[in-house]
Amino acid sequence: MHDDVQHGSWLAHGGGQAADEAGVVPSIPMSTTWRRDRGYALVDPDQTYLRDHSPLVRRVEDVVARLEGAAATRLFGSGMAAIAAVVRSVPSGGTVLLQQGTYWGTTAFVRRHCAHAGVTLVEVDTTDAALAAAAVDAHTPDLVWVEVPSNPMLGITDVTALAQVVHAHGGVLAVDATAATPLGLRPLGLGADLSVHSATKELNGHSDVLAGVVSAATVDTASWGHVLAERVGAGAVIGQLEAWLLLRGLRTLHLRHARSVATAAQLAAWLYAHPEVDRVLHPSLPDHPGHDVHVRQADDAGALLSLCVRGGREAALRAVGRLQLVQRATSLGGTESLVEHRATLEEGIPEDLLRLSVGIEAPEDLVADLAQALGG
Ligand SMILES: *Cc1c(COP(=O)(O)O)cnc(C)c1O
17 MHDDVQHGSW
27 LAHGGGQAAD
37 EAGVVPSIPM
47 STTWRRDRGY
57 ALVDPDQTYL
67 RDHSPLVRRV
77 EDVVARLEGA
87 AATRLFGSGM
97 AAIAAVVRSV
107 PSGGTVLLQQ
117 GTYWGTTAFV
127 RRHCAHAGVT
137 LVEVDTTDAA
147 LAAAAVDAHT
157 PDLVWVEVPS
167 NPMLGITDVT
177 ALAQVVHAHG
187 GVLAVDATAA
197 TPLGLRPLGL
207 GADLSVHSAT
217 KELNGHSDVL
227 AGVVSAATVD
237 TASWGHVLAE
247 RVGAGAVIGQ
257 LEAWLLLRGL
267 RTLHLRHARS
277 VATAAQLAAW
287 LYAHPEVDRV
297 LHPSLPDHPG
307 HDVHVRQADD
317 AGALLSLCVR
327 GGREAALRAV
337 GRLQLVQRAT
347 SLGGTESLVE
357 HRATLEEGIP
367 EDLLRLSVGI
377 EAPEDLVADL
387 AQALGG
């Protein structure tokens with residue numbers, strides 16, 4: 017396949033045609049080990065043991081690397097396994113600077129790990145560029161971790177500005193861009209060192225696979241060496257069936273993404289004008305605090321939004337209970353729209369906030385469902 021075709025064209029072919037396979041769809045290598053011949057040479061020089069190398073996993077990694085503009089990408093068994101591999105690269109005595117209000121699982125893991133491993137942890141609102149720069153100057157962190165956009169408050173951190181100050185002190189900047197996908201935001205092109213995704217979400221897109229991915233701007237760094245060692249040495253690998261399902265999901269990423277992003281912007285504007293809605297958090301809205309930075313660094317505003325229902329906790333729970341098409345469940349990035357009252361599960365989230373992951377349904381049906389749920 018020519019290199020100059022658009023993303024969607026090679027995604028539709030699962031990343032291109034494998035030279036060593038006649039099948040249009042790759043087969044699933046289930047053997048965990050590979051034979052040696054009588055002279056004790058490997059029958060296939062690339063294949064020893066499945067934890068070290070799988071041709072199918074490499075193929076999926078190459079697809080994500082191309083989307084990210086990355087020098088290399090590695091798949092993990094979940095988003096959290098990918099995140100843990102990066103965070104564990106900081107040695108004891110080092111410092112991690114974590115954005116306030118990241119995905120709750122990330123915050124919980126980083127806090128517990130740093131306390132356990134003797135790593136200093138600084139938590140800062142990185143959506144305030146001056147505050148973030150001052151914190152990096154003061155603490156010279158080994159690793160800075162941000163989420164763009166953040167989940168569920170849709171905070172926007174200026175990746176380019178932060179990368180400059182982090183690099184001035186010799187640190188590593190990692191960006192979790194799960195809610196954006198590489199079609200919406202490519203942190204490596206903005207100066208980040210590592211880009212991380214829960215591939216469980218929109219990359220797979222069908223709410224049926226747990227997977228994570230880490231991509232690097234360059235491979236000859238200590239941090240990337242640690243990520244590779246963590247994956248193979250600590251065994252944080254993805255299963256073959258999951259890798260295969262992820263590749264299948266990626267075949268339609270561009271279509272799913274375009275549809276859900278367009279619908280999300282439409283819903284954000286509609287909710288913004290709704291009398292029963294106090295506030296809408298989505299970077300597409302001109303009065304979103306991160307709108308200008310978002311427009312500069314991202315290609316689209318993504319399919320995740322939050323709304324604050326007038327009347328507080330009771331009104332929010334009443335509205336969420338009335339939804340018929342949108343399902344009440346955690347997670348995001350699937351073909352089906354999902355809604356969550358995050359304050360039920362997580363401290364520090366406004367009680368009136370509902371997080372909406374917008375799927376690929378007919379936009380009119382989503383508007384109708386939200387309209388009957390919100391009343392008026
Ligand atoms: C879901 C999620 C994760 C965790 O990924 P898993 O695949 O569930 O382990 C990390 N970061 C963000 C932003 C997420 O939405």
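Mapped onto the numbering used here, the consecutive letters of the sequence shown carry residue numbers 17 to 392.
No residue lacks a Cβ here, since even glycine has one placed at the ideal position from N, Cα and C.
Taking C-beta atoms under 8 Å as the contact rule, Thr279 and Pro379 qualify, at a distance of about 4 Å. If you ignore the 5 residues before and after Leu83, its C-beta comes within less than 6 Å of the C-beta of Pro198, all in its own chain and listed in chain order.
By a beta-carbon distance limit of 8 Å, Gly375 contacts Ser353. Their separation comes to about 4 Å. Shortest gap from the CB of Tyr119 to any heavy atom of ligand 1: under 7 Å.
With a threshold of 16 other beta carbon atoms within 10 Å, Arg51 falls short and is exposed. Set against 7 Å, the gap from the CB of Ile99 to the closest heavy atom of ligand 1 is smaller. Of the candidates Ala233, Gly171, Pro168, Ala233 places its Cα closest to the Cα of Ala87. DSSP, reduced to helix, strand and coil, places Trp26 within a helical segment of the structure shown. At a cut-off of 7 Å, the beta-carbon of Thr122 counts as near ligand 1: some heavy atom of the ligand is closer than that.
Rounded to whole angstroms, the gap between the alpha carbons of Gln63 and Gly31 is 22 Å. Judged by beta-carbon spacing, Phe92 lies within the 8 Å limit of Ala252, meaning their Cβ atoms are closer than that value.
In the structure shown, His132 falls within a helical segment according to DSSP collapsed to helix, strand and coil. Bridge partners of Tyr65 according to DSSP: Thr49. Listed as beta-bridge partners of Glu163 by DSSP are Asp192. In this structure, DSSP gives Glu356 an extended state, which the three-state scheme calls strand.
DSSP lists Val355 as the beta-bridge partner residues of Arg344. Counted as a single uninterrupted DSSP element, the beta strand (DSSP E) harbouring His213 occupies residues 210-214.
With respect to the 8 Å criterion, Leu206 and Pro299 are not classified as neighbours on the basis of their beta carbons.
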